[in-house]
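In full-length UniProt numbering, the protein residues as written are 1 to 386.
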């Protein structure tokens with residue numbers, strides 16, 4: 001009897017070992033799929049785990065890409081694995097029919113988690129189109145035009161069905177063209193309805209003598225001064241991105257305070273500054289500096305500040321070593337102007353130089369320069385044209 005018990009224990013031990021090895025194999029398959037479909041968690045979601053339940057492999061978690069799960073299931077089936085798919089595909093059921101949203105404040109705050117105390121990771125300005133992935137009642141997980149995924153408080157956005165969303169996009173919109181201003185509750189401009197920032201969009205309702213009656217995404221009606229907005233369609237048709245226009249917009253933000261996660265003219269971080277400048281030149285760029293460096297055309301490969309043109313993006317950070325990868329932590333815009341000038345948001349939006357003899361030389365940037373990229377007149381799928 002003791003011998004039988006001994007062998008049963010041995011069999012149970014080895015079966016557990018096989019089970020652990022199998023789970024490790026499944027996880028390896030899942031990791032390879034995650035690397036393929038969601039290598040950057042800022043722009044794609046693939047969080048899948050496994051558990052063994054009555055000899056059935058249960059897949060749990062969530063993803064925004066059905067193809068990823070289909071590939072995982074196909075791989076498991078090929079291995080002859082019996083499994084149950086409990087992975088949630090985003091948008092999930094909490095979203096309902098309201099799968100779209102528009103930013104409803106001058107700048108809606110997007111955070112790393114669904115709570116006000118969480119890190120501010122980015123902002124979207126009034127009228128920015130969003131995909132809604134989850135909704136917990138107070139916060140929603142949304143995806144921006146540049147595919148950035150983060151949580152926004154529901155008070156900062158207005159929800160739309162697909163038909164409502166398409167109707168809004170097809171309506172006549174106005175774009176706010178001043179850096180900072182207001183919309184009003186009356187045509188005499190005495191009572192403020194809400195603040196406005198450069199690039200914000202509202203729907204035109206009626207043209208009046210000195211103002212436009214406009215509608216906000218949540219249905220509020222207000223008035224904006226005629227000389228502070230333009231027809232969005234007309235503005236876009238006449239827009240000609242150029243080195244000079246980039247410099248003009250960049251310098252118009254001089255003195256604007258630095259804000260981690262900021263992307264509006266009220267306050268911005270380094271990559272948010274670049275993003276805003278290029279938005280007003282007709283481009284939606286990747287959000288973070290570490291993403292921006294992966295796009296565009298490589299210039300100044302030898303890091304000698306050669307071949308740079310006004311408007312090129314300059315990247316800074318920690319260079320790669322044998323033990324660590326390169327780490328991009330800062331970005332600015334090259335201006336040149338005979339003094340190796342660049343403009344960036346650091347403490348505030350300011351001008352500095354890469355020339356050590358200049359009064360505005362920035363030693364940290366000079367010592368941590370990683371290279372530059374050109375976005376103007378370059379075809380790149382991650383640089384979205386408006």
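Glycine included, every Cβ here is placed at the ideal spot set by N, Cα and C.
Nearest C-alpha to residue 182 among 210, 222 and 172: 222.
Bridge pairing for residue 330: 316 [DSSP]. The DSSP-derived three-state label of residue 194 is strand. A straight-line Cα-Cα distance of about 15 Å links residue 263 and residue 152.
DSSP lists 140 as the bridge partner or partners of residue 135. The shortest C-alpha to C-alpha distance from residue 351 to any of 118, 255 and 129 is the one to 255. The alpha-carbon separation between residue 366 and residue 33 amounts to approximately 40 Å. Proximity to residue 235 across 109, 176, 64 and 321 peaks at 176, based on C-alpha coordinates. Separation of residue 62 and residue 78 (C-alpha to C-alpha, rounded to the nearest whole angstrom) is 22 Å. Following the DSSP letters along the chain, one finds residue 63 inside the beta strand (DSSP E) bounded by residues 56-63. Looking at the DSSP output, residue 160 shares a beta bridge with 100. In the pairwise beta carbon analysis, the region 224-234 is classified as not touching the region 296-308: fewer than three pairs are separated by under 8 Å.
Between residue 270 and residue 345, the C-beta spacing is below 8 Å. Note: residue 84 is bridge-paired with 58 in the DSSP secondary-structure output.
Per DSSP, the unbroken alpha helix (DSSP H) holding residue 291 starts and ends at 289-292.
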